[in-house]
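Asker: In the numbering used here, the protein residues as written are 8 to 72.
Structure, rendered in structure tokens:
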């Protein structure tokens with residue numbers, strides 16, 4: 008099973024994940040984030056995003072099972 012956590016900056020997503028993993032250690036978190044892909048490929052995001060950049064991000068997240 009995969010669980011995704013999303014939200015705006017600085018609202019405690021990482022803290023939630025760390026607390027979740029302490030409670031349920033049988034789960035693990037993926038190593039890299041999609042942000043690394045955005046930086047490496049200089050993908051347009053937010054208001055400038057494209058269908059291609061969104062597809063690459065989704066494909067990246069799908070590989071991190």
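Every residue gets a Cβ at the ideal spot worked out from N, C-alpha and C, and that includes glycine.
Counting C-beta neighbours from all protein chains within 10 Å, is the total for residue 65 16 or more, i.e. buried, or is it exposed?
Answerer: Classification for residue 65: exposed.
Asker: Where does residue 48 fall in DSSP's three states?
Answerer: Helix at residue 48.
Asker: Which of the three DSSP states is assigned to residue 41 in this structure?
Answerer: Correct three-state label for residue 41: helix.
Asker: Expressed to the nearest angstrom, what Euclidean distance is found between the alpha-carbon atoms of residue 42 and residue 28?
Answerer: So the two alpha carbons sit approximately 21 Å from each other.
Asker: Please classify residue 72: is it buried, with 16 or more other beta-carbons within 10 angstroms of its beta-carbon, or exposed?
Answerer: Confidence at residue 72 is low in this model, with a pLDDT of 49, below 50, so the placement of that residue is unreliable and no value is reported for it.
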